[in-house]
Structures are given as C-alpha cells and as structure tokens.
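Below is one structure; the comments refer to it alone.
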Amino acid sequence: MEYCITAAAAYLIHFYPEFFSRSYIVIPLLSLQALIFTFRKKDSMLILLVALLFLQITESLAVSVFDTAIEHERVAMIHGRVIQDGQMRSGRKSGFRIQAYYSADGKADLYSAVGNVFVISPSSDFYYGDEVSVWGSFSGPVFYSYSSRLDSRPFLSEIRVKLISEVKGMFTLFGEAGELASLLILGTGSDGDYILTDDARTSGLSHVLALSGMHLSIIAFLFAKPLERCIGKKWGKAVLTAILFLFCFLSGWRPSLMRAFIFRSLFLLKVEAREAFMLSMVVLYFLFPYSTSDIGGLLSFISLSGILLLSERIAKGLRCFIPLPYAFLLSVGASAAALLFSVPFSLSLFGGYQMWAVVTSYPFNLLISVYMVMALFALLIPQLGYLLVILHSFLEQAFAITGRSELSTGMGEYLILALSIAALLIISYRVDAR
1 MEYCITAAAA YLIHFYPEFF SRSYIVIPLL SLQALIFTFR KKDSMLILLV
51 ALLFLQITES LAVSVFDTAI EHERVAMIHG RVIQDGQMRS GRKSGFRIQA
101 YYSADGKADL YSAVGNVFVI SPSSDFYYGD EVSVWGSFSG PVFYSYSSRL
151 DSRPFLSEIR VKLISEVKGM FTLFGEAGEL ASLLILGTGS DGDYILTDDA
201 RTSGLSHVLA LSGMHLSIIA FLFAKPLERC IGKKWGKAVL TAILFLFCFL
251 SGWRPSLMRA FIFRSLFLLK VEAREAFMLS MVVLYFLFPY STSDIGGLLS
301 FISLSGILLL SERIAKGLRC FIPLPYAFLL SVGASAAALL FSVPFSLSLF
351 GGYQMWAVVT SYPFNLLISV YMVMALFALL IPQLGYLLVI LHSFLEQAFA
401 ITGRSELSTG MGEYLILALS IAALLIISYR VDAR
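The opening residue of the sequence shown carries number 1 in UniProt numbering; numbering runs sequentially from there.
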C-alpha cells in the first residue's frame, strides 16, 4: 500500500505540477504521509490515499470554467440550469450559479457552452433546478446581468418553493432574527442585508452560518430520541431519515448536507466508516455531478477525511495530558483533525485563515445550535420568536466583539501549520508508546 500511495503521488506530481508547487498543500500532505508510513495502518493509508486523490479533485474540478465558442467579451446572454440557489446581496442583487447550456452574442446568434458561471443579477427568486436565461456581460469570471428570466421550473422545485415561501413567511414576523433563522433552516436569506453576517465574516466565523453537516446533526439529535420512544427504534430511524431528507430537499440539495446525509444513512446500514466515506463521495457525484464545483461540499469531504484518519488518535493523545471525559476529547480531536486538513486547503483557495476563529468556533457552534433549535420550535410556537429576537441581539454583539483583523499568510501561517503537525506527531508517538 505504501508503494501505491507513492505511485499515486508521483502520478499527480508529474501531470499536475502546478498543484504540488503550493507549499500550503505539500508541507502538511507529506507530513501526514510520513505519519501514516510510520504507523503502517492499512485503513488509515487507504483513507489518506482517498484524501490525497480528493485534494487533486478539488484542484482540477473545483472550478468548472465556463467556455463557449465565442470570446467572453461578446457573450450577451447565457441560458442554463441553476445549480446554486440565488442569495440576496445587500437586499438589491441576487447571486446564483448556473450550468450553461448555450450562449448568445449581441446579434442573438446562439453558440454551445459548457461549464458553470456565477451570475449577479437584479433581485430574482431562482432556485436549484430552474432553467433561466440571463442577459448582461462578463466582468472577469462573473457574469453581471441587467435582466433575467425564468424559463421553466421542475415540479419538485415548485413544491419546494411553496414550502420555502410558507416557512419564510412565518420567519418574517421576527425581522432580522427571522432572516437568520431562514438562513439556518432553509439555506436562503438576505445574505449581507443585516450586520450580523458581515461581522461573522470579519471574525472568521461565517462558516457557522453556512449549512453543513453540523446543522444536519442538530436536527438528528433533536428528533432521534423522541421518535424512538414514540414509534420504536426501527420506525424512528426511518422517520428521522425522511425528516433529514426533507431538510436536504428544502436546502436545495447542498453538497455539504447531502454528503452528511448519505454518510449517515450508510452508517446506519452498518457500513464501516471508511467505506461509507468512499461510497458517499461516489453516490454524491453520481447523483449531483455539478457538486464538484461547490467549495463547501469539497471542504466537507476534506474535513471528514481528516476526522476519520486522525480524530481518535488525537483524542487518545490528549487523554494522556488532560483528565477530561473521553467523549469531549473525541469531539476536540475531531475538530482538530478537520482543521488540520481544511486549513491548508483554505489557505490555498482564499489566501488567508483567521486562527482566532479556531478558539471562538466552539462557543459559536453551541450558540448557533441553540438558535437553530429555537427557530424550529418557533415554527410550531410563534410566541418563542421573541426569545429568538433576544438571542439574535446577543449573537450580533458576540460577533462584533470577536471581530479581528485577518492574519497574514506569511511565515506566521507556516509556523502555525508546522507547530500543529509537530504537536500531532508528538501526541501520536506518545499514544503508540502507551
């Protein structure tokens, strides 16, 4: 297996040298490879192989570049299918991503087109699956549209839009608190229309507001035990799976949620974690091939690969130094493992990472979890909306206080990565010694 991993790395280095020229990727990747070779764990090496190959997938497929038979400067119209729900920008513009079918120039001559493109247009309610036409022009990779039109909407999308409209209508009673609730429950809201999301970006905590496996786990935790007690364990799992499926449906099949849903479903079927990880990746890309261009979904897989590979080892190492319950240490180990894998990826993609958020993520994850649960109950008992408003006000203040300037991506980031890897190696060796 060691030779297989080395051969895979050699293949990738030969065909994709630009990917491995990035120090943020090479340093932690080689360190982890050395770590696995040291322990010679068969399962871990298989997971590392998947993670290594998946890192390459993120480089080659994360951006499916829009291409057409004419120059981008001549493109005046694009027709395609929405693959990412529209999000309001400052209450005036809607940003959404479409998979292009064809384009047209100023003379209305049609040309074939492939790839996907991010569109900024006047306020329009477009959802996953809609076929749309947008008119405008390119500015860099973004298509700025002055006019857009909904051409067709699938039947299931019609149902989804009606459900979203009903839920959002209830949340509008609570103002900005309802907007945040809509963002957490439905994945749609006026992104940037209120100050909380701006403060979340400044403090490096915007990820806690983006729908992910964490939010799916909150819903599972909330309904699992009551359902089992009411209708039994077997039927309880079936109904819970249906509820989680509905949650994914309402959110527009977001890749990060679908990854968590598929992984959890396979795990309930007694599939081993490693196999469930691999199968969930295959199933997701088979059902939703466009999800390869979703950064959130890619980060979700990268983080999970770190958790499967290193979380238990880190937790056992921490137990040697910190006398806390193992369940808590396992949670810390999972967060640390996910961070170790995702930070190099984030640095490579976004050019920076706010390390202050590593500390503040824990309390904010808890606060957002409470907020999400309260929002769900507010749908049944509207009077709880007043508590939602109070908690929203507290969150605004908390996000504002934790706002810090972004750390530079110079030697400081390399030092943090090096120290993280060194600490991981020390802990791992101590575990083996025991």
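Using N, Cα and C, we set each Cβ at its ideal position, and we do this for glycine too.
Here the structure is a predicted model, which is why all the values come from computation and not from measurement.
Annotation for A273: F267 and L308 place their beta carbon closer than 8 Å to its own, counting only its chain and skipping 5 residues before and after. Taken through DSSP and simplified to helix, strand or coil, Y362 comes out as helix. The C-alpha of E179 is placed about 7 Å away from the C-alpha of T172. Using a 10 angstroms sphere on the CB of P226, the tally of other CB atoms stays under 16, which defines it as exposed. Annotated three-state conformation of T68 is strand, per DSSP. In this structure, the beta-carbon distance from V117 to F143 falls below 8 Å. When secondary structure is reduced to three states using DSSP, L173 falls in the helix class. For the alpha helix (DSSP H) assignment, the uninterrupted runs of no fewer than 4 residues enclosed by the region 250-291 are, from N- to C-terminal side, 255-268 and 273-287.
For Y127 and Y285, the gap between their C-alpha atoms comes out near 20 Å.
Per the Cβ contact rule, the region 248-259 is in contact with the region 158-168 (3 or more Cβ pairs under 8 Å). DSSP places P122 within a strand segment (E or B) once states are collapsed to three. Contact check for L183 against L209 passes: the beta carbons are separated by less than 8 Å. At a Cβ-Cβ threshold of 8 Å, G317 and L340 do not count as neighbours. In this structure I218 touches S369 by the C-beta definition: roughly 5 Å separates them, less than 8 Å. Here R97 has V82, I83, Q84, N116, V117, F118, V119 and S293 as same chain residues with Cβ atoms under 8 Å from its own Cβ, once five neighbours each way along the sequence are excluded. The alpha-carbon separation between L287 and L384 amounts to approximately 38 Å. In the DSSP assignment, H79 is bridged to Y102 and S133. Straight-line spacing of the CA atoms in L366 and T360 works out to 10 Å. Of the residues assessed, L186 falls on the buried side of the cut-off, its CB having 16 or more other CB atoms within 10 angstroms. Rounded to the nearest angstrom, the gap between the Cα atoms of A177 and L388 is 6 Å. Between F277 and L304, the C-beta spacing is below 8 Å. Shown here for A200: same chain residues with a beta carbon closer than 8 Å to its own, the five before and five after excluded, namely S206, V208, L209 and F399 in chain order. In this structure, the alpha-carbon of M374 lies about 10 Å from that of I381. Of C320, C248, I78 and H72, the smallest CA-CA separation from S103 is found for I78. According to the DSSP assignment, V142 belongs to the beta strand (DSSP E) that extends over V142 to S152. For Y111, the enclosing beta strand (DSSP E) starts and ends at L110 to V114.
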